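Residue 5 is where the sequence shown starts when you use the working numbering, and the numbers rise one by one after that. Virtual Cβ for every residue (Gly too), placed ideally from N, Cα, C. From a predicted model like this one, the values you see are computed outputs, not experimental measurements.
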Amino acid sequence: MSPNDPAPIERRTDSGIVIRPVYTAADLEGWDPKEMLGDPGGYPYTRGVHAEMYRRRLWTMRQYAGFGTAESTNERFKFLLGAGQTGLSCAFDLPTQMGLDSDHPRAEGEVGKVGVAIDSMADMRLLLAGLPLDTVTTSMTINATAAILLLLYQLVAEEQGVAGDQLGGTIQNDILKEYVARGTYIYPPRPSMRLIVDTFSYCAEHLPNWNTISISGYHIREAGSTAVQEIAFTLADGIAYVEAALAAGLSVDDFAPRLSFFWNAHNNLFEEVAKYRAARRMWARIMTERFGAKDERSKVLRFHTQTGGSTLTAQQPEVNIARVTIQALAGALGGTQSLHTNGFDEALGLPTQRAAKIALRTQQVVGFESGIADTVDPLAGSYFVEALTDEVQKGAEAYLDRIDELGGAVAAIEARFMQSEIEGAAYAYAKAIDDGEKIVVGVNKFVDDEKEPTEVFPIDVELQRSQIARTRSVREQRDQAAVEAALSDVGTAARGTQNLLVPMKKALASMATLGEVSDVLRAEFGVYQPSG
């Protein structure tokens, strides 16, 4: 380099991986395509979990919906299905997530705000009215109360004549990431793990086609993690769930095929694609080498993707459509099994019907017009993408080694290791924006002072009153003695070793509420209080 040459430009991914100006075959020297890639649909699944991927069928277009009452959400479900959505995805309000009925004092002001309020079978009947439960798959973003919502879903399906082996869908049911990143936990980690393992066992017998957990990196990323941290901490949680199930006496190949994952999609297109490919390869090796899985389905990392809510801006909100499009491309190029695209107005409030439709149409354009579905893993063999996939994997494996040294995911959470790492990454990201090192269009560059009017989703101030009235009506009309007896059985099971979901289902069928069942478990398990 001569003295007159400009200083070299340094570029890094969001995870801090240095990006070279150009990549060549030398960057993959000694790299074995068979070992690192395999064939699509074959070990180690770097290139995808199906041999033909989207050539045969596109990913499931599963738009997230849930607000207000069960009736309102049911209407949105039917609107989205009519617009071409191929799977349902349900959001629940904070009281439902926290095991509180809508008339609980702590639910004041939160009923129906960030999702639908579900207190009992009466609400679940309204939520699912007229929906083809034998053919549509439903994803429910619910964690601490996941078993309760799943049982309510099963009970309503049975009323409609749909047997358990006909039901398909997913409950998130990933409590460990709540302690790390999100906060909708109820019980301490170890009894929460018991409830999750009981769900694995119950579904293996009664709901064989249900995905019993969606191990979530999404919320870890939303809390401020890097892409590398997202897959490292999520896979660490996955390892903890497998170990807990094995310790409870389950066989790995009896439950592992129903494990699924949930990833975020941010704006750095190539790092996001590399993240998905690295995660698949890592999980295949973990299940094979660490846990001795024999069934190929146990080795496959199937995942849902949602575009990054934290990347959306309230400034110039229509620009978010471009961000969501890039993120949807990342998910599709990375081989996702289902995808949710955010509404452009979600930095302002719940997505309006117009925004939800544009978000769905974005997926449809990517799937049917872009050509990326014509061949499997179209970026495979790219010097850059393959080298970046390896770099992401190395970074994630270094984190997994550190977590193992700490005693596993639960111990690492209790020591606040993951939380501290995420906090550091979030601070660095925010500082880079404040310092102008990272450009966010409309926020710190290309700022537009003119504010265009944007429709905002309306909040029904009468909603809480009507929801409380319905819940109290349920309590007044039920057989109270039967409810109390069933709740007593739940407490007995919690103190013993019986599968908790069996007495819980009986209690819910007798019209016990979500809050009442949760209160019984609170009395037995206690409530988690974070330290530090």
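Take residue i and list the residues in its own chain whose beta-carbon comes closer than 7 Å to its own, dropping the five residues that flank it on each side.
i, result
"Asp107", "Ile472, Thr475, Arg476"
"Thr458", "Pro321, Asp349, Leu352"
"Ala516", "Val487, Ala490, Leu491"
"Ala419", "Leu410"
"Lys398", "none"
Does DSSP put residue i in a helix, a strand or coil?
i, result
"Gly411", "coil"
"Asn268", "strand"
"Ser535", "coil"
"Thr216", "coil"
"Thr345", "coil"
"Gln481", "helix"
"Ile21", "coil"
"Ile200", "helix"
"Ile175", "strand"
"Lys455", "coil"
"Leu263", "strand"
"Arg16", "strand"
"Lys442", "coil"
"Met5", "Because the pLDDT of Met5 is 49, which lies under 50, any placement of that residue in the model is unreliable, and the number read from its coordinates should be weighed accordingly. Three-state DSSP puts Met5 in coil, outside helix and strand."
"Met144", "strand"
"Val120", "strand"
"Leu518", "helix"
Considering Cα atoms alone, identify which of the options is closest to residue i.
i, options, result
"Arg327", "Gly338, Arg499, Ser314", "Ser314"
"Tyr403", "Ala416, Leu392, Ala391", "Ala416"
"Tyr431", "Ala278, Thr230, Gly70, Asn177", "Thr230"
"Tyr245", "Val369, Lys509, Ala11, Leu263", "Leu263"
"Gly173", "Val184, Met144, Asp31", "Met144"
"Asp169", "Pro12, Thr141, Glu427, Phe372", "Thr141"
"Ala282", "Arg59, Gly88, Lys82, Leu239", "Leu239"
"Trp35", "Asp523, Asp483, Glu395, Met508", "Glu395"
"Val451", "Thr139, Gly42, Ala318, Val22", "Ala318"
"His599", "Thr28, Val201, Thr311", "Absent from the model: residue 599. The displayed extent of the chain is 5 to 536, so no value can be given."
"Asp127", "Ile243, Arg15, Gly88, Gly70", "Gly70"
"Glu373", "Lys449, Leu62, Gly134, Val414", "Leu62"
Just checking: is the beta-carbon of residue i within a distance shorter than 7 Å of some beta-carbon in chain D?
i, result
"Thr496", "The structure shown contains no chain D; it is built from a single protein chain."
Just to confirm my understanding: we take residue i, look at its own chain, exclude 5 residues before and 5 after, and list those with CB closer than 6 Å. What are they?
i, result
"Thr17", "Asn272, Glu275"
"Leu84", "Gln67"
"Met5", "With a pLDDT of 49 at Met5, under the threshold of 50, the modelled position of that residue is not reliable, and the figure given next carries that caveat. There are no such residues."
"Leu132", "Val160"
"Ala400", "Val232, Ile235, Ala236"
"Thr216", "Thr203, Phe204, Cys207, Arg262"
"Ala185", "His223, Ile224, Ala227"
"Gly88", "none"
"Val478", "Ser124, Ala126, Met515"
Could you check whether residue j and residue i sit closer than 7 Å to each other, using their CB atoms as the reference points?
i, j, result
"Ser218", "Phe295", "no"
"Ala208", "Phe259", "yes"
"Ala511", "Leu525", "no"
"Leu104", "Gly519", "yes"
"Tyr222", "Asn268", "yes"
"Phe96", "Gly116", "no"
"Ile175", "Leu154", "yes"
"Ala332", "Thr356", "no"
"Lys303", "Met291", "yes"
"Val166", "Leu137", "yes"
"Pro507", "Asp523", "no"
"Gly45", "Gly339", "no"
"Gly91", "Thr50", "no"
"Arg306", "Gln341", "yes"
"Leu392", "Leu337", "no"
"Ala288", "Tyr27", "no"
"Ala248", "Val201", "yes"
"Ala4", "Gly385", "With the chain running from 5 to 536 in the structure shown, residue 4 is simply not present."
"Gly446", "Val256", "no"
Whose C-beta lies closer than 8 Å to the C-beta of residue i among residues of the same chain, with five residues either side of it excluded?
i, result
"Ser470", "Thr73"
"Tyr3", "Not covered by the structure: residue 3. The range shown for the chain is 5 to 536."
"Ile362", "Ile325, Gly347, Phe348"
"Gln101", "Gly119, Ile146, Asn147, Ala148, Thr149, Thr188"
At a cut-off of 6 Å, would you count residue i as near the ligand HEM, judging by its Cβ distance to the nearest heavy atom?
i, result
"Arg281", "Inclusion of the ligand HEM in the displayed structure is not the case, the ligand content being empty and no account of it being possible."
>> My parser needs the beta strand (DSSP E) runs of 3 or more residues fully inside the segment 44-117; what are they?
In response: 92-95
Exercise. Give, in chain order, every unbroken run of the beta strand (DSSP E) that is at least 3 residues long and sits entirely within the segment 276-327.
Key: 307-311
### Task
List in chain order: all unbroken alpha helix (DSSP H) runs of 4+ residues lying wholly within the segment 325-403.
Taken in chain order, the unbroken stretches of alpha helix (DSSP H) that lie wholly in the segment 325-403 and span 4 residues or more are 357-373.
*Can you check the segment 220-245 for any alpha helix (DSSP H) of at least 4 residues that lies completely inside it and give the ranges in chain order?*
222-226
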